[in-house]
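Residue numbers for the sequence shown, in full-length UniProt numbering: 1 to 234.
Okay, structure first, notes after.
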Amino acid sequence: MGLLDRWRKPPAGTGPGTRPTGRRPRRRTRRADADAVDPALGEAQLREALREDPNDETAFDTLAELVRTRAALSHRERVGLDEDTGPDAEEVHRAADNAVWALAEELAQSPRAWRPLLVLGRLSLSDDHEAALRRLGIAAERDSSGKALAEALAVLRGAGMNDEALSLGVGHWRPRDHDVEAGRHLVAAAIDAGRLAEARRHLKALAEHPDTGRVEQLRGELEDALARADRARH
């Protein structure tokens with residue numbers, strides 16, 4: 001499970017600018033934090049891997065967890081905090097999120113990088129909506145496979161922003177070339193937004209994809225969802 005999956009719910013509070021604020025993860029001890037990252041992968045090797053491919057999901061997630069853990073431990077030590085509760089704990093979580101933000105911002109400078117932009121967009125949805133949408137759009141433009149578009153649409157759908165997902169998808173989706181997941185999210189966003197005629201148009205366009213087996217599997221799932229939405233209207 002990647003960072004985008006774990007952070008699907010938008011952050012509740014935000015501070016100045018576009019930096020993310022704290023979230024409320026499960027309570028963890030210092031020992032658990034220290035053990036969360038695979039010790040076999042050093043930071044230097046991870047950064048080298050990301051210089052080669054800034055969209056390497058495993059390397060990005062591992063390095064992000066490493067910098068998050070380090071920032072949280074450092075802040076705990078400064079304030080003498082042992083438990084993830086109370087106002088000081090919120091500062092710990094904020095420091096951890098800001099460390100991941102800084103990492104993603106650094107990696108996003110590469111013209112090939114789209115995964116870091118997804119993380120930046122995801123973290124800034126609440127405090128800078130327009131900038132978040134721009135980041136998600138740039139991520140989609142940088143990836144010809146459609147995977148970035150699919151993940152960007154999933155981020156927006158997870159935040160309940162179905163109209164924004166439709167705008168992004170309609171502007172970037174290429175049914176024949178893009179990962180079928182992008183089409184699935186676009187159809188699902190139209191259904192969730194109550195725009196059933198549009199959902200049917202996108203579902204029809206999805207048939208252009210050459211992976212007919214996957215398309216047929218999704219077609220059944222999406223047609224069922226359309227039928228349920230149609231019945232709910234009457």
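Yeah, the Cβ is synthetic: ideal placement off N, Cα and C, and Gly gets one too.
- Counting C-beta atoms within 10 angstroms of its own C-beta, Arg-76 has 16 or more neighbours from the protein chains shown and is therefore classed as buried.
- Selection Gly-169, Ala-113, Leu-196 evaluated against Gly-183 yields Gly-169 as nearest (Cα-Cα).
- Ranked by Cα distance from Val-67, the first of Glu-90, Ala-95, Glu-52, Arg-176 is Ala-95.
- With a beta-carbon spacing of about 10 Å, Leu-50 and Ala-64 fall beyond the 8 Å limit used to define contacts.
- Excluding residues up to 5 positions away in sequence, Ala-148, Leu-149, Ala-152, Leu-168, His-172 lie with their Cβ nearer than 7 Å to the Cβ of Ala-140 in the same chain.
- Note that the C-beta distance between Ala-132 and Ser-124 is below 8 Å.
- Val-100 and Gly-137 have their alpha carbons spaced roughly 20 Å apart.
- Rounded to whole angstroms, the gap between the alpha carbons of Ala-232 and Leu-120 is 36 Å.
- Counted as a single uninterrupted DSSP element, the alpha helix (DSSP H) harbouring Glu-151 occupies residues 147-158.
- A distance below 8 Å separates the beta carbons of His-185 and Ala-154.
- Counting only runs of at least 4 residues, the stretch 117-143 fully encloses the following alpha helix (DSSP H) elements, listed from N- to C-terminal order: 129-142.
- Taking the C-beta atoms as reference points, Ala-113 is found nearer than 8 Å to Asn-55.
- Around the Cβ of Pro-111, a 10 Å sphere holds fewer than 16 other Cβ atoms; the residue is exposed.
- Leu-117 and Arg-135 do touch by the CB rule: their CB atoms are close to 5 Å apart, below 8 Å.
- Sequence-distant Cβ neighbours of Ala-199 in its own chain, meaning closer than 7 Å and more than five residues away, are Val-187, Ala-190, Ile-191, Leu-226.
- Within the stretch 48-114, the complete alpha helix (DSSP H) runs of at least 4 residues fall at 57-79, 86-107.
- The alpha-carbon separation between Arg-47 and Arg-174 amounts to approximately 32 Å.
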